[in-house]
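In this note's numbering, the protein residues as written are 286 to 465. Quick reminder that beta carbons are idealized off the backbone N, C-alpha and C, glycines included. Below: one structure, written as structure tokens.
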Amino acid sequence: KNSNITINDDLVNIEVEDLEKANLKITKYEKNSETKLKGAVFRITGKNIENGKVLLTDNDGIDEISGLSLEEEYTLTETTAPNRYFKSNTIKFIIHKNNGQYEVQITEGTIKNSEITKREEIPTINLSIEDEKKPVYNLEITKQRKKRELQIGETNEEETVYIEGAKFRLLKNNETIGNY
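Given below as structure tokens:
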């Protein structure tokens, strides 16, 4: 909304935005659990945050952002998952207001659940998002040289020689996931 005001014979043009905004509160959980995850890093993009804003979940698995516009699509991408967890999928959502009631429409991705609350008359979209825990395996590797036959007198015996200090690299889909 634009308004013109005259102050001491000077015309001043004031532009005021009087649009309803909403807040977003994300809570990060371990999949199929109520364990909240610290250290998840998200990037949110959309109207008025085109370059993105980084969100980092705290000790309670929570982070918040304010000033989201209604009827605009936002993209929430987990850029870094907590240690030993897979990243969640990208989530796209729109905040609607129909007949005085707020709702969130997930247009892409999946969430654990959503809830809308009001704080100081401002709607807060509460999204619960899950990360799947990476499986942990114990792998024992022994590097040995091929057995060789030894002839001692009239009998044949086999000898196994273990190689000390051998180094290994563990790959998954051609990506190094560990050095040993």
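Check: Neighbour-count burial assignment, residue 389, 16 or more Cβ in a 10 Å radius; Outcome: buried
Check: Residue 422, buried or exposed, once every other Cβ within 10 Å from all chains shown has been counted against 16; Outcome: exposed
Check: Nearest candidate by alpha-carbon position, reference residue 355, set 295, 453, 349, 380; Outcome: 380
Check: Member of 425, 382, 399 whose CA lies at the smallest distance from the CA of residue 407; Outcome: 382
Check: Pair within 8 Å by beta-carbon distance, residue 323 and residue 369; Outcome: no
Check: Segments of 3+ residues assigned as beta strand (DSSP E) that fall wholly inside the segment 324-402; Outcome: 326-330, 338-341, 347-354, 358-365, 376-383, 386-393
Check: Same chain, Cβ closer than 7 Å to residue 394, five either side skipped, listed in chain order; Outcome: 374, 375, 376, 377
Check: Residue 463 (DSSP reduced to helix, strand or coil); Outcome: strand
Check: Candidates 320, 339, 321: closest to residue 329 by CA position; Outcome: 339
Check: Burial state of residue 366 (16 or more Cβ within 10 Å); Outcome: buried
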